[in-house]
Amino acid sequence: MVWISLCCDLVSKEVQVSLVERLVTKWMTVGDRLRQAAAQRPVAATSLAIFWACVFVYAMNGRVDLNSSDNVTNTLLGFNWLQNHSLNFDAFRDGYLYRGGGIPFYFVESPTGHLSSRFPTGPALVTFPLAVLYYFALKLAAFLDGITGGIFNLFPAGFPDVASEDFATYRQGFSKFAATISTALTVVFFYLSTRLKFSPSVAAVSTFVFAFATGSWPICSQDLRQHTISNLLLSGILLCLLKVERSEGKNRRLLLFLAGIFCGILPSARITSALFSAVIFLYVVIAYRKEAVFFLLGLPSVLFHLGWNLYYFGWSNLIVGGYISHIEKHPSSYSWTFEQFRRGSLGLLLSPSNGILVFSPVLLFAIPGAYRLLRRWKRENRRDEWLLLCLMVSVFLLYLQYSFYLIWLGGNDSFGPRFLADTLPISCFLIAYFLADLAPKLTRNWQGARFVLALFLISLTLSTLIQTIGAFTQTNWKASPMPATERNGRLWALQDSKIERHTRNLLAKFNKPIRDRKTYLAGFQGTAESLYWIELDGDEVPVGDRPRVRSGQRRLLKLALHNTGTSPWFGYQTGIEKMGEAKIRLRFYDAKGEDKTPRIGNQLFVSGRTQPGGATIAIGQAAFPAEPGVYQLVCWLVADGISSLNPESAPTYIQTITVLPRSSPAQPDSPNP
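According to our numbering, the stretch in the sequence shown is residues 428 to 1100, in order.
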């Protein structure tokens, strides 16, 4: 028996060795084939590597909460059609999305009686294949959960209704998934475009700039925004039209047709991107004349956008669609004055918290790149340069119209200037022109070339570092301590800028200021001394004994505080959101003792770092109840993220407030609405 066992062991070892050798040989063969394929098709291999590198980096933060409510309809439309077979949002009416009171801003009641999207639905159309893949992956997970008796506990209550709150996390996950894949594909399109024009090194560096040193990373890749799909389509058009010049016959016609499809969809991704579509249309018709018919055959893709708007909003709103609700509320969105142009144009470029050159200083090198493009256009007069010149003019016109836009600071919920994210593919292409001009000067030891290269590398490093901070952090800077506006100066403040707040947030994650929560909370106490209104001109007015406001009104409040405990307070400037930031929670109770606190505007933000025995203030925009009546405003001090509001504990401050009907005449001692 011993000999038999020994023989079996020897055979087993021989078999094991044989299997290992076969596996190693197989992998070596596969590796050789991959290397051979990469050598035969280096551009394709590099493109594939770029795609997966972008997917890895964009998903590295592991977060799905760096998103905006603007994309709710575009991240739900595909799932709504797959589950409810409907392209309207009636199934969501009065659901969890309505908790803020009234119709959420991203929905709009259409003349058809159906609930529709306020925003263009092009992103939902373009990412629908990804939605199908994501939806059926969830279905498969639910099926496996069912046949295994819920061993994985993926869907304990069954597959959720897409209109229920149970689906909210999956919606956010899809938003991140679709944005990551779409932006990675955009980067590949950009690389292939630059590779057609420039050397591999220039294409690689400019692609890195586009992918990781601009808003492509913290804005476009983290959330399915309109800009995400606008840049994907614009990069696709650019690639197609550049390849047209290097193709013949059937391929040439097919590329023009694809460019037409992308061009037609572009306005449905973002209305302002219709400017690119119009310029590209003119370029193709003038440059290709009879061949432009193949481009025109692709343009009917615009019918999706026009058909949607026609069905839900009628002929009068064929172009703007659901945006009509915004236009009706804000008929004067532009101010065609020099003062507005000065504020908007400088703010979009240089605002410490919203300027594109502040968040991506490397984009400064697009300026000499534009000069090189003009020189090459004059010298060679090729279609490539004509195309890039037309797109460069489009970028300038887009920037110009935003300069006159009253809400040029819009999108400050993002890390960086979201409005100008649509210009990034062209701006970074201009950087490629700059690099292509600099490279030969370096080889010839041209005087000053090394200095220029050093400046470029410094700006590239700084830009990448800033974008990295944005991709790994999340703060409520836009509303903390008060909404950022031109009037209150927050957009131009050097202290507590958006970049500084996010940097502090990142540092706090590595070096948590509160290590022992139990000990910290034991010494976390404070008292309030007085409450003030903050008027529009900045004046502070005591609230008084029985202040009166109007229903639904929002007012800036200031509460004077004193730290009576043994633990320091960490205010909003410290950036430790959800990690113990000191805040004042507001609650409104009516005569019956029922909580009538609005969903938003229910907290004040404590300022600075306050040591025990020190004094500070808490400020914020408070929203008052929608129903008239007499209310008790009760304030509690909390350490956000490590302690919760306990209504049973002693409040920090109590104030009686009378809420008057909205149509009520102004009272002598009530603030202006």
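A virtual CB, placed ideally from N, CA and C, is assigned to each residue, including glycine.
message = Suppose the cutoff is 7 Å on Cβ atoms and the five residues either side in sequence are ignored; what does the same chain contact list for residue 799 look like?
response = Here residue 799 refers to the residue found at position 372 of the sequence shown. Cβ neighbours of residue 799 beyond the five flanking positions: 860, 861, 864.
query = Grouping DSSP H, G and I as helix and E and B as strand, with all else coil, what is residue 512?
reply = Start at 1 with the first residue of the sequence shown, and residue 512 comes out as number 85. Residue 512 falls in the coil class under three-state DSSP.
Residues of its chain near residue 737, where Cβ-Cβ distance is below 8 Å and the 5 sequence neighbours each way are ignored = Along the sequence shown, read from residue 1 onward, the residue named residue 737 stands at position 310. Hits under 8 Å: 745.
request  = Quick one: measure Cβ to Cβ for residue 1103 and residue 850, integer angstroms, because I've assumed they're closer than 8 Å.
outcome  = In the structure as shown, the chain starts at 428 and stops at 1100, and residue 1103 therefore has no counterpart that could be examined.
task = Please work out which residues of its chain come closer than 6 Å, Cβ to Cβ, to residue 1096, disregarding the five sequence neighbours upstream and downstream, and give them in chain order.
result = Within the sequence shown, residue 1096 is the residue found at index 669, counting from 1. Any reading at residue 1096 needs caution, since the residue's pLDDT is 46, under 50, leaving its predicted position unreliable; the model's value is listed next. If we look at residue 1096 and ignore the five residues flanking it on each side, it has no Cβ neighbours.
query = So what does DSSP say about residue 923, is it helix, strand or coil?
reply = As a working mapping, residue 923 is identified with position 496 in the sequence shown. Reduced to three states, the DSSP call for residue 923 is coil.
inquiry  = Taking its Cβ as the centre, do 16 or more other Cβ atoms sit within 10 Å of residue 713, making it buried, or is it exposed?
reply    = For this step, residue 713 is matched to residue 286 along the sequence shown. Answer is exposed; the Cβ neighbour count stays below 16.
ask   = Under a three-way DSSP split, which group does residue 953 fall into?
value = For this step, residue 953 is matched to residue 526 along the sequence shown. Here residue 953 sits in strand by DSSP.
inquiry  = Bridge partners for residue 799 per DSSP, in chain order?
reply    = Working through the sequence shown from its first residue, we reach residue 799 at position 372. Its beta-bridge partners do not exist; DSSP assigns none.
query = Under 9 Å, do residue 1025 and residue 1052 count as touching if we go by C-beta distance?
reply = Working through the sequence shown from its first residue, we reach residue 1025 at position 598. Working through the sequence shown from its first residue, we reach residue 1052 at position 625. A contact, by the Cβ cut-off of 9 Å.
query = According to DSSP, is residue 989 helix, strand or coil?
reply = On the sequence shown, residue 989 is found 562 positions in, with the first residue counted as 1. The answer is strand: DSSP assigns residue 989 an E or B state.
key: Cβ shell of residue 899 (< 7 Å), same chain only, five flanking positions each side left out   = Within the sequence shown, numbered from 1, the residue matching residue 899 stands at position 472. These residues qualify, in order along the chain: 488, 933.
task = Just confirm the distance between the C-beta atoms of residue 749 and residue 723, as a whole number of angstroms; I'd bet it's less than 8 Å.
result = Translated into the one-based positions of the sequence shown, residue 749 becomes position 322. Translated into the one-based positions of the sequence shown, residue 723 becomes position 296. Actually they are not in contact, since the Cβ atoms of residue 749 and residue 723 sit about 28 Å apart, beyond 8 Å.
query = By Cβ distance, which residues of its chain are closer than 7 Å to residue 538, with the 5 residues on each side in sequence left out?
reply = Numbered from 1 along the sequence shown, position 111 holds the residue referred to as residue 538. Taken in chain order, the residues that qualify are 740, 741.
task = Throw me the rounded Cβ distance for the residue 852 and residue 571 pair, which I believe falls under 8 Å.
result = Taking the first residue of the sequence shown as 1, we reach residue 852 at position 425. Taking the first residue of the sequence shown as 1, we reach residue 571 at position 144. Actually they do not touch by this definition, with Cβ atoms about 41 Å apart.
ask   = Got a sec? Which residues, its chain only, sit under 7 Å from residue 969 by beta carbon, not counting five neighbours each side?
value = Counting from 1 along the sequence shown, the entry for residue 969 is found at position 542. These residues qualify, in order along the chain: 957, 959.
message = Below 8 Å, how does it come out for the region 498-512 and the region 553-570: are there three or more Cβ pairs, yes or no?
response = yes
task = Under 6 Å Cβ to Cβ from residue 782, same chain only, skipping five residues before and after it: list those, please.
result = The residue labelled residue 782 in the question sits at position 355 within the sequence shown. If we look at residue 782 and ignore the five residues flanking it on each side, its Cβ neighbours are 776.
inquiry  = Is residue 707 near the ligand ZN - that is, is its Cβ less than 8 Å away from at least one heavy atom of it?
reply    = Because no ligand of any kind appears in the structure shown, any question about the ligand ZN cannot be addressed here.
ask   = Distance, Cα to Cα, residue 906 vs residue 767?
value = Taking the first residue of the sequence shown as position 1, residue 906 is located at position 479. Taking the first residue of the sequence shown as position 1, residue 767 is located at position 340. Taking the straight line joining both Cα atoms gives about 23 Å.
query = From this set, 927, 759, 919, which residue's C-alpha is nearest residue 897's C-alpha?
reply = The residue you call residue 897 lines up with position 470 of the sequence shown. The residue with the shortest Cα to Cα distance from residue 897 is 927.
query = Which residue from 472, 923, 867 puts its Cα closest to that of residue 1110?
reply = Coverage of the chain is limited to positions 428 through 1100, which leaves residue 1110 absent and any answer about it impossible.
query = For residue 630, does the count of other Cβ atoms within 10 angstroms reach 16, so buried, or fall short, so exposed?
reply = Residue 630 sits at position 203 when you count from the first residue of the sequence shown. Buried, because 16 or more other Cβ atoms sit within 10 Å of the Cβ of residue 630.
ask   = Under a Cβ-count criterion, where at least 16 other Cβ atoms within 10 Å of its own Cβ denotes burial, should residue 794 be classed as buried or exposed?
value = As a position in the sequence shown, residue 794 is number 367, starting the count at 1. It is exposed - the Cβ of residue 794 has fewer than 16 other Cβ atoms within 10 Å.
message = On the DSSP letters alone, give me the boundaries of the beta strand (DSSP E) that residue 874 sits inside.
response = On the sequence shown, residue 874 is found 447 positions in, with the first residue counted as 1. It is not in any beta strand (DSSP E) - residue 874 carries neither H nor E in the DSSP assignment.
task = Flag this pair as yes or no: are the beta carbons of residue 520 and residue 532 separated by less than 9 Å?
result = In the sequence shown, counting from the first residue as 1, residue 520 sits at position 93. In the sequence shown, counting from the first residue as 1, residue 532 sits at position 105. No, the Cβ-Cβ distance between residue 520 and residue 532 is not below 9 Å.
inquiry  = Can you give me the C-alpha to C-alpha distance between residue 939 and residue 901, rounded to a whole angstrom?
reply    = One-based indexing of the sequence shown puts residue 939 at position 512. One-based indexing of the sequence shown puts residue 901 at position 474. Taking the straight line from one Cα to the other gives about 16 Å.
task = In the DSSP assignment, find the beta strand (DSSP E) that holds residue 1063 and state where it starts and stops.
result = The sequence position of residue 1063 within the sequence shown is 636, counting from 1. Note, residue 1063: beta strand (DSSP E), 1056-1067.
key: residue 774 versus residue 1023 - alpha carbon distance   = For the purposes of this step, residue 774 is taken as residue 347 along the sequence shown, with counting starting at 1. For the purposes of this step, residue 1023 is taken as residue 596 along the sequence shown, with counting starting at 1. Cα to Cα, the separation comes out at about 39 Å.
request  = Let me know the secondary structure DSSP gives residue 979 once reduced to three states.
outcome  = By one-based count along the sequence shown, residue 979 stands at place 552. Coil, per DSSP.
inquiry  = Suppose only complete runs of 4+ residues qualify. What are the alpha helix (DSSP H) ranges in the region 542-585, listed by chain order?
reply    = 549-553, 555-574
query = How would you call residue 606, buried or exposed, if buried means at least 16 neighbouring beta carbons within 10 angstroms?
reply = Working through the sequence shown from its first residue, we reach residue 606 at position 179. The residue in question, residue 606, is buried, as its Cβ has 16 or more Cβ neighbours within 10 Å.
key: Cβ distance (whole Å) where residue 1047 is taken to contact residue 1030 below 8 Å   = In the sequence shown, the residue the question calls residue 1047 occupies position 620. In the sequence shown, the residue the question calls residue 1030 occupies position 603. Going by Cβ atoms, the distance from residue 1047 to residue 1030 rounds to 6 Å, so yes, they are a contact pair.
key: Residues sharing a beta bridge with residue 1022, DSSP   = Walking along the sequence shown from the start, residue 1022 turns up at place 595. Paired residue(s): 1016.
Whole-angstrom C-beta distance between residue 698 and residue 547, which should lie under 8 Å = Position 120 of the sequence shown, counted from the start, is the residue given in the question as residue 547. Position 271 of the sequence shown, counted from the start, is the residue given in the question as residue 698. Rounded, the Cβ-Cβ distance is 6 Å, consistent with contact.
Among 880, 931, 561, nearest to residue 893 - alpha-carbon criterion = The residue you call residue 893 lines up with position 466 of the sequence shown. When each option's Cα is compared against that of residue 893, the closest is 931.
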